[in-house]
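Visitor: Quick note, the sequences are listed as chains A and U, same order. Under this note's numbering, the first residue of the first sequence is numbered 58, with each subsequent residue one higher. Under this note's numbering, the first residue of the second sequence is numbered 373, with each subsequent residue one higher. One structure coming up, written as structure tokens, with questions to follow.
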Amino acid sequence: MALTKSDIVEKVYNLGFSKKESVEIVEQLIEIIKKSLEDGEDVLISGFGKFCVKKKSERRGRNPATGEDLMLRQRQVVTFKCSGKLRDKINGALEE
Amino acid sequence: MNKLELVSALKNATGVSKTDAAKVVQIFFDSMADTLAEGERVEIRGLCSFFVKEYRSYTGRNPKTGDPVVIRPKRLPFFKCGKELKERVDED
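Encoded structure:
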């Protein structure tokens, strides 16, 4: 089963916070991460990875459905770079 | 922003102690890492989702020497930006 916000809230609840506080703390944490990226600031979590904001310049694209040519405007996207530690952890079972 | 700054910001935003803020940040990222290590998906609404992609073994080449090298099977996490985050980062 996929991990969702409520699973994380449950773990925070186990630290001894009320249900309401747990939800609020997790929501705040997510909001801080979003705000930082929105402001163009990368979020670097050692041992996990780095969330980066990348500027993409304008380019020619095509509508894959109609084949129509169009111009894709300059935009900003979020990318994620996995840390070596996380990569090793995910591959742990394969190494043995 | 790094992990310490995130802890500090969480402490200020919620009023929890620094120790608790650090625990929450650790729980947040550890849960995601543990889930991915089990090959499961992560889905945090509005922020992002992750899934693990499996690559089979293949014969690659050393780009410098051209020598064939056997690449062992591997798994890599794939990141997908959430709708809300995507829109907020790209506004204006």
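Even glycine gets a Cβ: it sits at the ideal position worked out from N, Cα and C.
#1: Assuming A/V66 contacts A/S79 (C-beta within less than 8 Å), just tell me the rounded distance between them.
#2: Could you name the residues of the stretch 62-76 of chain A whose beta carbon sits closer than 7 Å to any beta carbon of chain U, in the order they occur along the chain?
#3: Taking the alpha-carbon of U/T407 as reference, which of A/T61, A/E125 and A/Q133 has the nearest alpha-carbon?
#4: Quick check on the DSSP output: the beta strand (DSSP E) that includes A/D126 runs from which residue to which?
#5: Verify the CB distance criterion: does A/S93 have a CB-CB separation below 8 Å to chain U?
#6: Could you tell me which chain A residues have their CB closer than 8 Å to the CB of U/G418, listed as they occur along the chain?
#7: Are the stretch 386-405 of chain U and the stretch 116-135 of chain A touching, with three or more C-beta to C-beta distances below 8 Å?
#8: How many whole angstroms separate the CB atoms of A/D99 and A/K107, which I take to be in contact at a CB cut-off of 8 Å?
#9: Where do the N-terminal and C-terminal ends of the alpha helix (DSSP H) with U/V442 fall, by residue?
#10: Are the Cβ atoms of A/I87 and U/G418 separated by less than 8 Å?
#11: How about the stretch 435-454 of chain U and the stretch 411-426 of chain U: do they share at least three Cβ pairs that are nearer than 8 Å?
#12: Decide if U/V441 is buried, meaning its Cβ has at least 16 other Cβ atoms within 10 Å, or exposed.
#13: Taking only beta-carbon atoms, is U/I443 less than 8 Å away from chain A?
#14: Is A/L143 helix, strand or coil when you go by DSSP?
#15: Can you name the start and end residues of the alpha helix (DSSP H) that A/K76 belongs to?
#16: Would you mind stating whether U/V424 and A/A59 have Cβ atoms separated by less than 8 Å?
#17: In this structure, does DSSP put A/F35 in helix, strand or coil?
#18: Using a Cβ cut-off of 8 Å (strictly closer), state whether A/R194 contacts chain U.
Guide: So, from the listed chains and residues:
#1: Here the question's residue 66 of chain A lines up with position 9 in the first sequence. Here the question's residue 79 of chain A lines up with position 22 in the first sequence. Yes, A/V66 and A/S79 are in contact; Cβ-Cβ is about 5 Å, under 8 Å.
#2: K62, D64, I65, K68, V69 and L72
#3: Translated into the one-based positions of the second sequence, residue 407 of chain U becomes position 35. Comparing Cα positions, the closest option is A/T61.
#4: Walking along the first sequence from the start, residue 126 of chain A turns up at place 69. Start and end: D126 to L129.
#5: Counting from one through the first sequence, the residue named residue 93 of chain A turns up at place 36. Closer than 8 Å: yes.
#6: Translated into the one-based positions of the second sequence, residue 418 of chain U becomes position 46. Listed along the chain, the chain A residues whose CB falls inside 8 Å of the CB of U/G418 are I87 and K91.
#7: no
#8: Along the first sequence, one-based indexing puts residue 99 of chain A at 42. Along the first sequence, one-based indexing puts residue 107 of chain A at 50. The beta carbons of A/D99 and A/K107 sit about 6 Å from each other, so the pair counts as a contact at 8 Å.
#9: Here residue 442 of chain U refers to the residue found at position 70 when the second sequence is read from its first residue. Per DSSP, U/V442 belongs to no alpha helix (DSSP H); it is in the beta strand (DSSP E), P440 to I443.
#10: If you number the first sequence from 1, residue 87 of chain A lands on position 30. If you number the second sequence from 1, residue 418 of chain U lands on position 46. At the C-beta level, A/I87 and U/G418 come within 8 Å of one another.
#11: Verdict: yes, contact present.
#12: The residue you call residue 441 of chain U lines up with position 69 of the second sequence. It is exposed - the Cβ of U/V441 has fewer than 16 other Cβ atoms within 10 Å.
#13: Start at 1 with the first residue of the second sequence, and residue 443 of chain U comes out as number 71. Chain A contact via Cβ: absent.
#14: In the first sequence, counting from the first residue as 1, residue 143 of chain A sits at position 86. Of the three classes helix, strand and coil, the one that applies to A/L143 here is helix, per DSSP.
#15: Start at 1 with the first residue of the first sequence, and residue 76 of chain A comes out as number 19. Run containing A/K76: K76 to E95, per the alpha helix (DSSP H) assignment.
#16: As a position in the second sequence, residue 424 of chain U is number 52, starting the count at 1. As a position in the first sequence, residue 59 of chain A is number 2, starting the count at 1. Using a Cβ distance threshold of 8 Å, U/V424 and A/A59 do not count as a contacting pair.
#17: For residue 35 of chain A there is no data in the structure shown, the boundaries of chain A being 58 and 153.
#18: Chain A is shown only over 58 to 153; residue 194 of chain A falls outside these bounds and no answer can be derived.
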